[in-house]
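With the sequence shown counted from 1, adding 8 to any position gets you this note's numbering. We treat Cβ as the ideally placed atom computed from N, Cα and C, and that holds for glycine. First the structure, in the form of structure tokens, and then the observations on it.
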Amino acid sequence: MFVFMRLVSLVLVVVALMLLGADAVSSLEHHGEITVRSLGAVWAMFDKGSLDTFNAWCAGSLPGFLSQGIRSALSLPGWAVTGVLGVILAFIFGRKHDAA
């Protein structure tokens with residue numbers, strides 16, 4: 009279990025670095041104008057229909073504060089969400105040092 013979760017945390021950190029690099033390249037392409045893609049924008053690049061369906065489900069099925077919280081999370085930068093989650097998992101499931 010620990011090995012799998014460490015692998016998941018590594019993948020999340022690598023994805024965060026890839027998203028950060030993509031934002032940096034996009035900023036260079038737009039002549040220095042800062043470009044930061046939200047998690048929702050990254051999701052929409054892959055499948056816009058599923059994002060719309062998910063947002064509709066959240067609005068119709070969840071209480072208002074949860075729906076608003078999810079909408080807020082989807083508006084955060086994609087690299088920040090995946091990077092922070094990856095680092096937290098890396099700390100939780102990091103190497104265990106024996107006390108002996």
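Under the three-state reduction of DSSP output, Ser83 falls in the coil class, being neither helix nor strand. In the DSSP assignment, Phe62 falls within the alpha helix (DSSP H) that extends over 47-69.
Sixteen is the threshold: since fewer than 16 other Cβ atoms of the shown chains lie within 10 Å of the Cβ of Thr61, the residue is exposed. Cβ contact annotation for Ala24 (same chain, cutoff 7 Å, sequence separation greater than five): Trp87, Thr90, Gly91, Gly94, in chain order.
Of the candidates Ala52, Ile42, Cys66, Val16, Ile42 places its Cα closest to the Cα of Leu28. Under the three-state reduction of DSSP output, Val11 falls in the helix class. Here Val21 is buried, its C-beta having at least 16 other C-beta atoms within 10 Å. Distances from the CA of Cys66 to each of Ser80, Gly102, Met13, Phe54 were compared; the closest alpha carbon is that of Ser80. For Val44, the three-state secondary structure derived from DSSP is coil.
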